[in-house]
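In what follows, a structure is listed as structure tokens, so that the remarks can point back to it.
Protein chains: 2
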Amino acid sequence: MTLDAGIAAKLKRNADGLICAVVVDHTTNDVLMVAWMDDEALDRTLTTRRGTYYSRSRQRLWVKGETSGNVQHVREVRLDCDADTVLVRVDQEGPACHTGTRTCFDSDLLSGG
Amino acid sequence: MTLDAGIAAKLKRNADGLICAVVVDHTTNDVLMVAWMDDEALDRTLTTRRGTYYSRSRQRLWVKGETSGNVQHVREVRLDCDADTVLVRVDQEGPACHTGTRTCFDSDLLSGG
Chain A
1 MTLDAGIAAK LKRNADGLIC AVVVDHTTND VLMVAWMDDE ALDRTLTTRR GTYYSRSRQR
61 LWVKGETSGN VQHVREVRLD CDADTVLVRV DQEGPACHTG TRTCFDSDLL SGG
Chain B
1 MTLDAGIAAK LKRNADGLIC AVVVDHTTND VLMVAWMDDE ALDRTLTTRR GTYYSRSRQR
61 LWVKGETSGN VQHVREVRLD CDADTVLVRV DQEGPACHTG TRTCFDSDLL SGG
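Heads up: the protein sequence lines correspond to chains A and B, in order.
Going letter by letter, the first sequence gives residues 1 to 113 in the UniProt record's numbering.
Going letter by letter, the second sequence gives residues 1 to 113 in the UniProt record's numbering.
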């Protein structure tokens, strides 16, 4: 698969060829997680409607939920004004965080709350 | 100012010494913008309660709204499970985006909506 040329031309990738992806629960509007995408991950997210990312540690694509079953059904994808970050709105099955919490931001409050 | 040692010890900074900051409107839960922080930016955000970031292009700290007046009053800061991203909940004065839109994700819908 190849990312749409018009979209590919707009992206401002980092030195590793990646853009940032902020994933939001479509129903609650809560930020679930932040991950990274290369062109192929973005293409697959747009075409398969499953949240798909690039793992910097494993250096390969991964489909969210491919092992846990906690897949993401993609409802909307938006690009930011700098073209280096996408906002991905999803229906999340199960917890989004690999630690088992609903979001990746549930455990460590630094201030406020 | 120096970032709290307990927090500093937890952070997993990228090669440039930065963590990602996802900024959310405390009232609407909408994602307003994504920016970057070094230790000093995080310390200032926590202590001054004004959204403060590190500009990769200008290579210096910036306080959101320092020129536009569209400052952010920080309500809550959370660290994610990987300790490389913070979620900053703010009361945003005026539009968050430098283009004048309410958020940085209002203009470019790639899919859905």
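Note that beta-carbon positions come from the ideal geometry of N, C-alpha and C, so glycine has one too.
All values derive from a computational prediction rather than experimental measurement.
Bounding residues of the alpha helix (DSSP H) (the contiguous stretch that carries residue i)
| i | result |
| --- | --- |
| Thr-48 (chain A) | 39-48 |
| Gly-6 (chain B) | 5-10 |
is_contact[residue i, chain A] using C-beta, thresh 8 Å
| i | result |
| --- | --- |
| Gly-113 (chain B) | yes |
| Thr-2 (chain B) | no |
| Arg-75 (chain B) | yes |
| Leu-18 (chain B) | no |
| Leu-87 (chain B) | yes |
Chain-ordered chain A contacts of residue i [CB-CB under 9 Å]
| i | result |
| --- | --- |
| Asn-29 (chain B) | Val-24, Thr-28, Asn-29, Asp-30 and Val-31 |
N-terminal and C-terminal residue of the beta strand (DSSP E) that residue i is part of
| i | result |
| --- | --- |
| Thr-67 (chain B) | Looking at the DSSP string, Thr-67 (chain B) is not in any beta strand (DSSP E), and its letter there is neither H nor E. |
| Gln-92 (chain B) | 85-92 |
| Thr-2 (chain B) | First-last for Thr-2 (chain B): undefined, no H or E at that position. |
| Asp-106 (chain B) | Note, Asp-106 (chain B): premise wrong, no beta strand (DSSP E); not H, not E. |
| Cys-81 (chain B) | Here Cys-81 (chain B) belongs to no beta strand (DSSP E), and DSSP marks it neither H nor E. |
CA-to-CA distance, residue j to residue i, given in whole angstroms
| i | j | result |
| --- | --- | --- |
| Cys-81 (chain B) | Val-63 (chain A) | 19 Å |
| Met-37 (chain A) | Ala-21 (chain A) | 7 Å |
| Thr-27 (chain B) | Val-90 (chain B) | 8 Å |
| Ser-68 (chain A) | Arg-102 (chain B) | 36 Å |
| Asn-29 (chain B) | Arg-60 (chain A) | 32 Å |
| Phe-105 (chain A) | Leu-11 (chain B) | 14 Å |
| Thr-85 (chain B) | Ile-19 (chain B) | 5 Å |
| Val-74 (chain A) | Met-33 (chain B) | 20 Å |
| Gly-113 (chain B) | Thr-47 (chain A) | 15 Å |
Chain A residues whose Cβ lies nearer than 7 Å to that of residue i
| i | result |
| --- | --- |
| Asp-80 (chain B) | Val-34, Cys-104 and Phe-105 |
Per-residue contacts from residue i into chain A (C-beta, under 8 Å)
| i | result |
| --- | --- |
| Asp-91 (chain B) | Going along chain A, no residue has its Cβ under 8 Å from Asp-91 (chain B), so there is no contact; the nearest lies around 11 Å. |
Chain-ordered chain B contacts of residue i [CB-CB under 9 Å]
| i | result |
| --- | --- |
| Thr-52 (chain A) | Those within 9 Å of Thr-52 (chain A) in chain B number zero; the least Cβ separation is about 13 Å. |
Interface flag, residue i vs chain B, CB-CB below 8 Å
| i | result |
| --- | --- |
| Leu-109 (chain A) | yes |
| Thr-67 (chain A) | no |
| Leu-46 (chain A) | yes |
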